[in-house]
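K.L.:
Residue numbering for the sequence shown follows our numbering, starting at 1 and increasing by one per position.
Every residue gets a Cβ at the ideal spot worked out from N, C-alpha and C, and that includes glycine.
Please read all numbers here as calculations on a predicted model, not as lab measurements.
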Amino acid sequence: MAKLKLSKKKVKISGKIIVLIMLALALVLIYYNRSALLVLLEKNATLWSVYQHISFQIAQKTLLGLFYACFFGAIFFISLPVEFIFIYYALLGKDYLFIVLIATLGSLLGMIFNYLFGFVFGERLLKSILKKNFDKFSKKNERWATPLVFIGNLIPFPIEPIALILGAAKYSFRKFIIWTTFGRLGKFIVILLAKDWIVNVVLPWFSSLF
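1. For the pair the stretch 113-121 and the stretch 60-77, tell me if three or more CB-CB distances fall below 8 Å.
2. Straight-line CA distance for I99 to L209?
3. Which ranges does the beta strand (DSSP E) cover as unbroken runs of at least 3 residues, wholly within the stretch 165-196, from first to last along the chain?
4. Taking all protein chains shown into account, decide if V149 is buried (16 or more other Cβ within 10 angstroms of its Cβ) or exposed.
5. Comparing alpha-carbon positions, which option in F157, R184, A145 and F182 lies nearest L166?
6. State the DSSP-derived secondary structure class of Q52, mapped to helix, strand or coil.
7. Of the choices G106, L64, A90 and L47, whose alpha-carbon is the least far from that of L80?
8. For the candidate residues L66, G118 and P156, whose alpha-carbon lies nearest to that of L91?
9. Which of the three DSSP states, helix, strand or coil, is assigned to I151?
10. Go through its chain and collect everything with a Cβ distance to E160's Cβ below 8 Å, but skip five positions before and after it.
11. By alpha-carbon positions, which one of L97, N141 and I198 ends up nearest to I87?
12. Look up G110 in the DSSP assignment and say whether it is helix, strand or coil.
13. For L164 and chain C, any beta-carbon pair shorter than 8 Å?
14. Starting from the C-beta of N200, find all residues in its chain whose C-beta is less than 7 Å away, skip the five residues before and the five after it, and write them out in chain order.
15. With DSSP run on the structure shown, which of helix, strand or coil describes G122?
16. Do L41 and Y51 have their beta-carbon atoms positioned less than 8 Å apart in this structure?
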């Protein structure tokens, strides 16, 4: 009887893991099959209107467009280089204070989405992988997660998928918001200060690699 209950529990956990994997794959497939996504959006007047609004704001290079670009660019299954987007807007002559605050807010909300996605869907998957080591991992997580969140948001680094793990490990949401904000704010301020060097030295060197 005990074995039967145990097997049912395993089936239940496995089912949730399968759902999570299928959801993640669906998000990736949707992103990389934009034509199919557009067809689906066109069938819903409200969603199509929202899509057109976002596309228009980005195409017109408005401050709201910067917000949208930084928000979606920070989502784990999209992960656009928000640093280049920010430099582009800085070169347009936009008010520096506004673009720093808007880029920070947009990318922060994208990172919060990643954290919450991991918080809601990732715990069981992480527990199934780590098993008995999950509690030990969670304790160590409190030590290394804070500097990782700050540095990962400060420098060009794929921090977006790591936010999923932090959410799944139940890292402090308050600390996550605080250190993500500081990291992103610092990143954009440094980019502004080094803007000319990045444009005249880094970007030409980067282009020469391809």
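P.N.:
In terms of the structure at hand:
1. yes
2. 29 Å
3. none
4. buried
5. A145
6. helix
7. G106
8. L66
9. helix
10. A74, I75, F76, S79, G110, M111 and N114
11. I198
12. helix
13. In the displayed structure, chain C is absent; only one protein chain is listed.
14. none
15. coil
16. yes
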